[in-house]
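For reference, the structure is listed below as C-alpha cells.
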Amino acid sequence: MVQSEIDRTVFVCGTGRSGTTVTQVALGANEGFANFGELEARFLVEYGGLVDLYRMLGHDYGLERAIESIRLFRKLMREMAVGGLYGDLGIDAHLPDGHYARVVGTFVDRLGGDTPRHRSDDELMALFREFLVEFLDPILGPGQRWVDGTPHTLMRARFLLQLFPGAQFLHVTRDPRAVAASLMRQGWGPDDVVGCGDWLENVYARLATETRYVERAPGAYLQIRFEELCSDVDRTTQRIADFLDEPDLTFSMIEFEVGHVNAWVGEISSEDSRYLTDRFSWVYDWLGYERDLGWWRSHMADWMGQ
Numbered sequence: 005m006v007q008s009e010i011d012r013t014v015f016v017c018g019t020g021r022s023g024t025t026v027t028q029v030a031l032g033a034n035e036g037f038a039n040f041g042e043l044e045a046r047f048l049v050e051y052g053g054l055v056d057l058y059r060m061l062g063h064d065y066g067l068e069r070a071i072e073s074i075r076l077f078r079k080l081m082r083e084m085a086v087g088g089l090y091g092d093l094g095i096d097a098h099l100p101d102g103h104y105a106r107v108v109g110t111f112v113d114r115l116g117g118d119t120p121r122h123r124s125d126d127e128l129m130a131l132f133r134e135f136l137v138e139f140l141d142p143i144l145g146p147g148q149r150w151v152d153g154t155p156h157t158l159m160r161a162r163f164l165l166q167l168f169p170g171a172q173f174l175h176v177t178r179d180p181r182a183v184a185a186s187l188m189r190q191g192w193g194p195d196d197v198v199g200c201g202d203w204l205e206n207v208y209a210r211l212a213t214e215t216r217y218v219e220r221a222p223g224a225y226l227q228i229r230f231e232e233l234c235s236d237v238d239r240t241t242q243r244i245a246d247f248l249d250e251p252d253l254t255f256s257m258i259e260f261e262v263g264h265v266n267a268w269v270g271e272i273s274s275e276d277s278r279y280l281t282d283r284f285s286w287v288y289d290w291l292g293y294e295r296d297l298g299w300w301r302s303h304m305a306d307w308m309g310q
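So, in C-alpha cells, the structure goes:
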C-alpha cells in the first residue's frame, strides 16, 4: 500500500449515540471500503492517541511529557487489542497474527522508545503516515478506502486533515433529545437530563467550531440526519454516494429500524423535551431539526407505515 490509498479515509462522526456505528458498518460493507467492523480506531484522536503524541513530541515537547505520552499511547493500544476494552474482539483480531504488536512496537521505536526526542511537525506527520500505511496494509485492498467510526473525529478535523489530506467527514446527526435519551441509558454516561445537557453542550460547541473549519475544504464535509437515513434509505444513500463519488454505494445490507431510532419520542417527558430544546435552540437551527414533539410523533407514525 502507498500513502495515497489512505489519504481519502472516510470519518463517520458525530456526538456519539447518533448512529455513527451502524452507518460506518454499512459503509464499510461496500466493496470499495474497509474497516475494523464495529470497532473504533480510537488511537487517532482519543486521549493518549496520535493527536497527543503530535503535541507532546512536537511544539509542547519536554522529556517528561514525551515519556508520558509514549506510556499513554502504549496503554491505549493495549486497550484496543484482544483482551482490552473490546474483549475478544480487539482490533488485532482483524489483522494477521503478530502484525498489531510488531507494527506498534516498530512505530514506538522510531519515535525513540523510552526516551522519545523532539520532532518537527513534518517529521511527526511522516512517521505517523508510515505507521498507518503499515498498520492498515492487511485490511485495505487495491483502491479501497478506510472507514473509521470514532464519533469525535470531527472535533480533531484540523489534525486529521494534516494527516489525511483527502479525508472526508460524514457527520451523522440525530435530534439532541434522542442523543440525550440514549446517553441516559448507557452505564458510562450521565443519567439525568441536566447532566446530558452539560455533556452535550461541550461536544456541540466543539463540533460546530470544527465544522466551520472543515467546510472550507472542498468536498470534505457532509451532514446527514440519521432519522432520514432510516426513513428514506435510497435518497440519503444517494447523497452519500455523490459526496464520496462512489456511484455503486448501497446501504441495503443494513436494516434501519425507524421505530427503534425514534423510540425516544414516546419516552421523553414534555418537561425534559422543553429543557433540551431551549438549551440547544442554536443546535436545532444549525442541524435543521424540528423542535415540536407533536410533529415528531405524527411523522414517526407516517414512517412506520411506509
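In short: position in the sequence shown from 1, add 4, done, that's this note's numbering.
In this text, a Cβ means the ideal position worked out from N, Cα and C, and glycines have one as well.
Where does residue i fall in DSSP's three states?
i    : result
W338 : Any answer about residue 338 is impossible in this case: the structure gives the chain only from 5 up to 310.
Q148 : coil
A38  : strand
P155 : helix
V49  : coil
S22  : coil
R295 : coil
D289 : helix
L128 : helix
What residues are listed by DSSP as bridge partners for residue i?
i    : result
I143 : Paired residue(s): none; I143 is not in a bridge.
V28  : Before going on, a small fix: residue 28 reads as Gln here, not Val. Its beta-bridge partners do not exist; DSSP assigns none.
F173 : F15 and Y225
Looking at the unbroken beta strand (DSSP E) that takes in residue i, where does it start and where does it end?
i   : result
Y90 : Here Y90 belongs to no beta strand (DSSP E), and DSSP marks it neither H nor E.
L15 : Sequence inspection shows Phe at residue 15; the Leu mentioned does not correspond to that position. Unbroken beta strand (DSSP E) run through F15: V14 to C17.
Verify whether the separation of the beta carbon atoms of residue i and residue j is less than 9 angstroms.
i    : j    : result
L48  : R160 : yes
L115 : L61  : yes
T13  : L67  : no
G36  : L253 : yes
H156 : E50  : yes
F139 : V107 : yes
Y288 : P180 : yes
Y279 : G201 : yes
T27  : L297 : no
L4   : G52  : With the chain covering only 5 through 310, there is no way to say anything about residue 4.
V16  : G153 : yes
L31  : V151 : yes
Q172 : A224 : yes
W290 : A184 : no
E250 : N39  : no
May I ask which residues mark the beginning and end of the alpha helix (DSSP H) holding residue i?
i    : result
H55  : In the sequence under discussion, the amino acid at residue 55 is Val, which differs from the His named in the question. Its alpha helix (DSSP H) spans residues L54 to M60.
H122 : Element bounds for H122: n/a, residue is neither H nor E.
S274 : S274 to R283
H4   : Nothing can be reported for residue 4, as the shown portion of the chain is limited to 5 through 310.
R162 : A161 to L167
| task | Jot down the residue ranges of each uninterrupted beta strand (DSSP E) in the region 175 to 256, minimum 3 residues, whole runs only, in chain order. | result | 225 to 229
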